[in-house]
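Chemist: Handing you a structure now.
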Amino acid sequence: MNALDLLIQDHEKVKKLFQEAEQTTDHTQKTELFDRIDTELAIHAEVEEAVFYPAVEKHEKLKEMVAEARDEHEEVEELLLEIEDLATEGTEFDSKLTALKETVEHHVAEEEGEMFPKVRELFDAKILEQLGKELESAKGKHIGIDKDDL
Ligand SMILES: [Fe+2]
Ligand SMILES: [Fe+2]
Numbered sequence: 009m010n011a012l013d014l015l016i017q018d019h020e021k022v023k024k025l026f027q028e029a030e031q032t033t034d035h036t037q038k039t040e041l042f043d044r045i046d047t048e049l050a051i052h053a054e055v056e057e058a059v060f061y062p063a064v065e066k067h068e069k070l071k072e073m074v075a076e077a078r079d080e081h082e083e084v085e086e087l088l089l090e091i092e093d094l095a096t097e098g099t100e101f102d103s104k105l106t107a108l109k110e111t112v113e114h115h116v117a118e119e120e121g122e123m124f125p126k127v128r129e130l131f132d133a134k135i136l137e138q139l140g141k142e143l144e145s146a147k148g149k150h151i152g153i154d155k156d157d158l
């Protein structure tokens, strides 16, 4: 799969999980949904940082954009860690989850609206397919590790 399609597919998946988490009033379900968001975002950010961003930042024009994206990943990671320590029953959980959702939405809007269109312009289709394969294999490894941890 083309790298950009694969990353967009991940973005959509997380968007749906956020919607479900916001809609549910069941604490067990909310905890489960947050755990899935947590795992999805951690893996997504890691494979972007390990495979996608290094390829993208080779282009001088995109260097700054990638640096900004990496900072935003850090913000997301910090929020994930904070939420991991909170009980779903508290009001802080909901407000932090909303903050996380907004931070992720902002980041995704920049990737899909600014970074990806430039990448589409600068990279040929073959390279994007190759990057897609590398992303898939990196994701596979991480999913394996996460399952073992459970
Ligand atoms: Fe992304
Ligand atoms: Fe990202």
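So this note's numbering is basically just the index in the sequence shown, starting at one, shifted up by 8.
Note that beta-carbon positions come from the ideal geometry of N, C-alpha and C, so glycine has one too.
1. If distances are taken between C-alpha atoms only, which option among E40, L14, L94 and D34 comes closest to L25?
2. Can you tell which of E20, E65 and P125 has its C-alpha closest to the C-alpha of E48?
3. What do you get for Q17, buried or exposed, if any count of 16 or more other CB atoms within 10 angstroms of its CB means buried?
4. Note the first and the last residue of the continuous alpha helix (DSSP H) segment covering E113.
5. Would you report the Cα separation of F42 and L88, rounded to the nearest angstrom?
6. With distances taken between CB atoms, is the gap from V112 to V74 smaller than 8 Å?
7. In the DSSP assignment, the alpha helix (DSSP H) including K71 goes from what residue to what residue?
8. Ligand 1 and L110: does the residue's C-beta get closer than 7 Å to at least one heavy atom of that ligand?
9. Using only the heavy atoms of ligand 2, determine whether one of them is closer than 7 Å to the beta carbon of E56.
10. Taking the C-alpha atoms as reference points, what is the distance between P62 and D132?
11. Using C-beta distances below 7 Å, list every residue in its chain close to A107, excluding the 5 sequence neighbours before and after it, in chain order.
12. Could you check what DSSP says for K21 in three-state terms: helix, strand or coil?
13. To the nearest angstrom, how far is the alpha carbon of E65 from that of D46?
Modeler: To lay it out plainly:
1. E40
2. E20
3. exposed
4. T99 to E118
5. 9 Å
6. no
7. K71 to E92
8. This sequence places Glu at residue 110; Leu is not what is there. Answer for E110: no, Cβ out of range of ligand 1.
9. yes
10. 16 Å
11. L87
12. helix
13. 26 Å
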